[in-house]
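In our numbering, the protein residues as written are 46 to 126.
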């Protein structure tokens with residue numbers, strides 16, 4: 046786990062270094078925007094093991110509570126009734 050965390054920190058520092066270079070913004074705004082999109086996609090994929098379980102757990106709780114309640118004609122009924 047420590048190796049993965051160190052690699053993520055190393056990648057993060059590299060990305061921050063790239064973003065802090067002014068030539069990227071002064072002359073080449075379009076490549077900077079492409080790199081920003083790449084940055085967002087890359088970090089979404091790299092952090093998937095962290096956020097995906099949380100999203101799944103939250104959605105399962107939402108789905109559970111929605112299954113227990115049925116709305117008919119503006120009235121709310123418990124599914125057990």
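Glycine included, every Cβ here is placed at the ideal spot set by N, Cα and C. Only a predicted model underlies this, so the values are computations on that prediction, with no experimental measurement involved.
> Alpha carbon to alpha carbon, what distance is there between residue 99 and residue 76?
Replying inline: Spanning the alpha carbons of residue 76 and residue 99 requires a straight line of approximately 33 Å.
> Where does residue 46 sit, in a helix, a strand or coil, going by DSSP?
Replying inline: It is coil, neither helix nor strand.
> Hey, residue 60 and residue 83: beta-carbon distance below 7 Å or not?
Replying inline: no
> Roughly how many whole angstroms lie between the Cα atoms of residue 104 and residue 72?
Replying inline: 44 Å
>> Can you check which of these residues, 64, 55, 107, 49, is closest to residue 78 by C-alpha distance?
In response: 64
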